[in-house]
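Undergrad:
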Amino acid sequence: MMASSYNAKEEDGHHSGTSSHGAAGAVKSKKPDNTAFKQQRLPAWQPILTAGTVLPAFFVIGLIFIPIGIGLFVSSNNIKEFQIDYTGVDISSPCYSCAKNFSWNSTTPCVCSVPFTLNQSFESNVFMYYGLSNFYQNHRRYVKSRDDSQLNGDRSALTNPSKECEPYRTSDGLPIAPCGAIANSLFNDTLELYHIDSNGTSNPIPLAKKGIAWWTDKHVKFRNPGGNNNLSVAFHGTNKPVNWRNPVYELDPSDPENNGFINEDFIVWMRTAALAHLPQALSHHPEEAQHDPHPTQWQILVDHHLQLPCAQL
Amino acid sequence: MYNICFTSMPILAYSLLEQHICIEVLLDNATLYREIAKNAVLRWGTFLYWTVLGVFHGLLFFFGVRFLFSNPALQDNGQVFGNWSYGTIVFTVLVFTVTLKLALDTRHWTWINHFVIWGSLAFYVFFSFFWGGIIWPFLRQQRLYFVFANMLSSVSAWLVIILLILLSLLPEILLVVFRKPRGPHARQKKMVQSSVGGHQSPRSSARPLLMRTFSDESNTVI
Chain A
25 MMASSYNAKE EDGHHSGTSS HGAAGAVKSK KPDNTAFKQQ RLPAWQPILT
75 AGTVLPAFFV IGLIFIPIGI GLFVSSNNIK EFQIDYTGVD ISSPCYSCAK
125 NFSWNSTTPC VCSVPFTLNQ SFESNVFMYY GLSNFYQNHR RYVKSRDDSQ
175 LNGDRSALTN PSKECEPYRT SDGLPIAPCG AIANSLFNDT LELYHIDSNG
225 TSNPIPLAKK GIAWWTDKHV KFRNPGGNNN LSVAFHGTNK PVNWRNPVYE
275 LDPSDPENNG FINEDFIVWM RTAALAHLPQ ALSHHPEEAQ HDPHPTQWQI
325 LVDHHLQLPC AQL
Chain B
834 MYNICFTSMP ILAYSLLEQH ICIEVLLDNA TLYREIAKNA VLRWGTFLYW
884 TVLGVFHGLL FFFGVRFLFS NPALQDNGQV FGNWSYGTIV FTVLVFTVTL
934 KLALDTRHWT WINHFVIWGS LAFYVFFSFF WGGIIWPFLR QQRLYFVFAN
984 MLSSVSAWLV IILLILLSLL PEILLVVFRK PRGPHARQKK MVQSSVGGHQ
1034 SPRSSARPLL MRTFSDESNT VI
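As they're listed, the protein sequences go chains A and B.
Mapping to this note's numbering: the first sequence position 33 is 57, numbers consecutive.
Mapping to this note's numbering: the second sequence position 4 is 837, numbers consecutive.
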């Protein structure tokens, strides 16, 4: 069968060759080249699974991964979490008065304190997070409403923000820095942690506010226009976002490395969360939070600023 | 981008080079062609299987990562992931699953198959690093800056990626292991005969890995 097909092809080639012999020289034969690729004879490997290969491989992989799994499970069980809700919806909650009577453009802060008890000791590197529930930071129009080149310190984008920031692009005729709905809804409650010892005195716990944002965010993606000094001059000609109390260069006047666009709380907020319940990093305490295993009293002092006007969102 | 750069070459190489049954067996048993007569491979059953499998994969990727993100503080230093990291994890699992599924289906591994399959995966990783590695000068939005590299620095993300890839390929693996060969499968009989006889066709270019079979209905791959 193979031999006869070869012959037929050869005759074809011959035939066309002789017919156009006088015209333009030899015509290319239609026979495919006798290379390994075109004749589908490439050297290949076929996997054939038999019990002799599959079962030993299965058991070896199992033996490798089961101890890893046990180790991960044990270490994850050692992580301790504690959540406090300070929304103040309930009348008996300490923050009820702040939640009810406060409006977002009040100048006097409303302070409420929430006591809580820890029954077990939290080992070192305690992280504190704040969380908002039912806050959909992944709404498409909200996520698009920012200008990354303005946040990168680009001068032209500072005075002419992107169209995506509408309607938070200009206010009173001046461009807004930082523009957009994400920046406008910045979380600005301040929380302080106190430890109440047996005498009843509250000792404030120092919380490190650095190191909560991604390193690349703080040092590459977010830059102040014109350097970190003289920010009020650099931001001249722009306005603060509509729902902010202070302009962006007063986010942390005591530390020039944490002021303006490179403020870590601001950077953390601008990294929009994936789901409706969003915990964001607030601070971290590098030492042990509690030395003895007995239950101890703690207290959080909340400086209520955040009140989002729900009708606009 | 996905269709052109990440997943087009493997399927092209598969369609050109795949030989489920090698040439010599086919030439000797022409009746094997009856199995694909009347467009049998594109029947409703096969189509529905692939569609349901696609839906299952999609749901598994998205909700698997959503379950992981119930606490988004996934990095070792307590920093939080955002929604771009979420999407990047889903997309990584997707690209790897699709390519590895094709690798599972490939029975005839030539050097071209190796090159395009592993090359596509390597290209995806390289491209993700490249795309997220610089601040693009003329773009207003820098959403994916460093997102991929940051995702890879978290152990939880690695574990979830590996777990989701294995879970999504599990139906295929189970099907291969447990499916009983139907009808007179000449290829299987040929394998048994040649293992008994020990005679290898001189024109054979495929080298089977292990010829030892335990029974007629052994779990040789169809």
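Cβ atoms here follow ideal geometry from the backbone N, Cα and C, with glycine treated the same way.
Computed from a predicted model, the values in this text were never measured in an experiment.
Provide the residue(s) that pair with A:Pro199 in DSSP beta bridges, ordered along the chain.
TA: Paired residue(s): A:Thr194.
Undergrad: Can you tell me which of the three DSSP states B:Phe900 falls into?
TA: It is helical.
Undergrad: Suppose only complete runs of 4+ residues qualify. What are the alpha helix (DSSP H) ranges in the region 946-989 of chain B, listed by chain order?
TA: Listed in chain order, the complete alpha helix (DSSP H) runs (minimum 4 residues) inside the region 946-989 of chain B are 980-985.
Undergrad: On a CA-only basis, which of B:Gln852, B:Tyr882, B:Trp883 and B:Leu1002 is nearest A:Ala67? Give me that one, please.
TA: Position check: residue 67 of chain A holds Pro in this sequence, whereas Ala was assumed. Closest by alpha carbon: B:Gln852.
Undergrad: Which first and last residues belong to the beta strand (DSSP E) in which A:Gly155 is found?
TA: Element bounds for A:Gly155: Val150 to Leu156.
Undergrad: So which residues of chain A does B:Asn862 contact, with C-beta pairs closer than 7 Å?
TA: Going along chain A, no residue has its Cβ under 7 Å from B:Asn862, so there is no contact; the nearest lies around 14 Å.
Undergrad: Buried or exposed: which applies to B:Phe839, given that a residue is buried once 16 or more other Cβ atoms fall within 10 Å of its Cβ?
TA: So B:Phe839 counts as buried.
Undergrad: Could you tell me whether the Cβ of B:Asn872 comes closer than 7 Å to any Cβ of chain A?
TA: Not one chain A Cβ lies under 7 Å of B:Asn872.
Undergrad: Which complete beta strand (DSSP E) runs does the region 61-95 of chain A hold, if anything under 3 residues is left out?
TA: List check, beta strand (DSSP E) in window: 68-70.
Undergrad: Does DSSP classify B:Glu851 as helix, strand or coil?
TA: The answer is coil: DSSP assigns B:Glu851 none of H, G, I, E or B.
Undergrad: DSSP three-state call for A:Pro265: helix, strand or coil?
TA: Here A:Pro265 sits in coil by DSSP.
Undergrad: In whole angstroms, what separates the C-alpha of A:Asp276 from that of A:Tyr153?
TA: If I take the Cα positions, the gap works out to 19 Å.
Undergrad: Does DSSP put A:Lys104 in a helix, a strand or coil?
TA: A:Lys104 falls in the coil class under three-state DSSP.
Undergrad: Quick test of the definition: if touching needs 3 or more C-beta pairs under 8 Å, does the region 946-965 of chain B touch the region 871-887 of chain B?
TA: Result no; under three Cβ-Cβ pairs closer than 8 Å.
Undergrad: A:Lys233 CB to nearest chain B CB: under 7 Å?
TA: Chain B, which has no Cβ nearer than 7 Å to the Cβ of A:Lys233, makes this no.
Undergrad: Taking B:Ile869 as part of the alpha helix (DSSP H), name the residues at either end of that continuous run.
TA: First-last for B:Ile869: undefined, no H or E at that position.
Undergrad: Looking only at its chain, what residues have a beta carbon closer than 7 Å to the beta carbon of A:Ile103, apart from the 5 residues adjacent to it on each side?
TA: Here the set comprises nothing.
Undergrad: Please confirm whether A:Asp289 has its beta-carbon closer than 7 Å to some beta-carbon of chain B.
TA: No, A:Asp289 does not count as interfacial toward chain B.
Undergrad: Does the region 963-978 of chain B come close enough to the region 893-901 of chain B that 3 or more CB-CB pairs lie under 8 Å?
TA: The region 893-901 of chain B, when compared against the region 963-978 of chain B, does not touch it at the 8 Å Cβ threshold.
Undergrad: Please report whether the beta-carbon of B:Phe981 lies at a distance below 7 Å from any beta-carbon of chain A.
TA: Chain A contact via Cβ: absent.
Undergrad: How would you write the range of the beta strand (DSSP E) that A:Ser358 sits in, first residue to last?
TA: Because chain A is modelled from 25 through 337, residue 358 of chain A falls outside the range shown and cannot be assessed.
Undergrad: In the DSSP assignment, the beta strand (DSSP E) including B:Phe839 goes from what residue to what residue?
TA: Run containing B:Phe839: none; DSSP gives neither H nor E here.
Undergrad: Based on Cα-Cα distance, which residue from A:Phe259, A:Asp279 and A:Pro265 lies nearest to A:Lys233?
TA: Nearest C-alpha to A:Lys233: A:Asp279.
Undergrad: Which chain A residues are close to B:Trp883, counting only those with a beta carbon under 9 Å from its beta carbon?
TA: Those do not exist, as B:Trp883 stays about 21 Å from chain A at its closest Cβ, beyond 9 Å.
Undergrad: So, is the C-beta of B:His941 closer than 7 Å to a C-beta in chain A?
TA: Judged by the 7 Å Cβ criterion, B:His941 is in contact with chain A.
Undergrad: So B:Asn836 contacts chain A; which residues on that side make the cut at Cβ distance below 9 Å?
TA: Neighbours of B:Asn836 on chain A: none; closest Cβ ~23 Å, over 9 Å.
Undergrad: Work out the CA separation of A:Thr74 and A:Trp293 for me, nearest whole Å.
TA: Taking the straight line from one Cα to the other gives about 55 Å.
Undergrad: Under 8 Å Cβ-Cβ, which residues of chain A neighbour B:Ile968?
TA: Here the neighbours are Asn176, Val244 and Lys245.
Undergrad: Got a sec, what are the start and stop residues for the alpha helix (DSSP H) B:Ile856 sits in?
TA: Ile856 to Asp861 is the extent of the alpha helix (DSSP H) around B:Ile856.
Undergrad: Residues in the same chain with beta-carbon distance under 6 Å from A:Pro185, minus the five sequence neighbours each way, listed in chain order, please.
TA: If we look at A:Pro185 and ignore the five residues flanking it on each side, its Cβ neighbours are Asp171, Gln174, Arg193, Pro199 and Cys203.
Undergrad: Relative to the alpha-carbon of B:Arg791, which residue among B:Leu893, B:His890 and B:Gly920 has its alpha-carbon at the smallest distance?
TA: With chain B running from 834 to 1055 in the structure shown, residue 791 of chain B is simply not present.
Undergrad: So, with DSSP's three-state summary, where would you put A:Phe259?
TA: It is coil, neither helix nor strand.
Undergrad: By the 9 Å beta-carbon criterion, what residues does the region 912-932 of chain B contribute toward chain A?
TA: Answer set for the region 912-932 of chain B: Gln912, Val913, Phe914, Gly915, Asn916, Trp917, Ser918, Tyr919 and Gly920.
Undergrad: Just curious, the beta strand (DSSP E) that A:Ile236 is in, first and last residue?
TA: Looking at the DSSP string, A:Ile236 is not in any beta strand (DSSP E), and its letter there is neither H nor E.
Undergrad: Consult DSSP for B:Leu875 and reduce its assignment to one of helix, strand or coil.
TA: In the structure shown, B:Leu875 sits in a helix (DSSP, three-state: H, G or I).
Undergrad: What does A:Thr183 reach in chain B if we use C-beta pairs closer than 8 Å?
TA: Within 8 Å Cβ-Cβ: nothing; A:Thr183 doesn't reach chain B, min ~14 Å.
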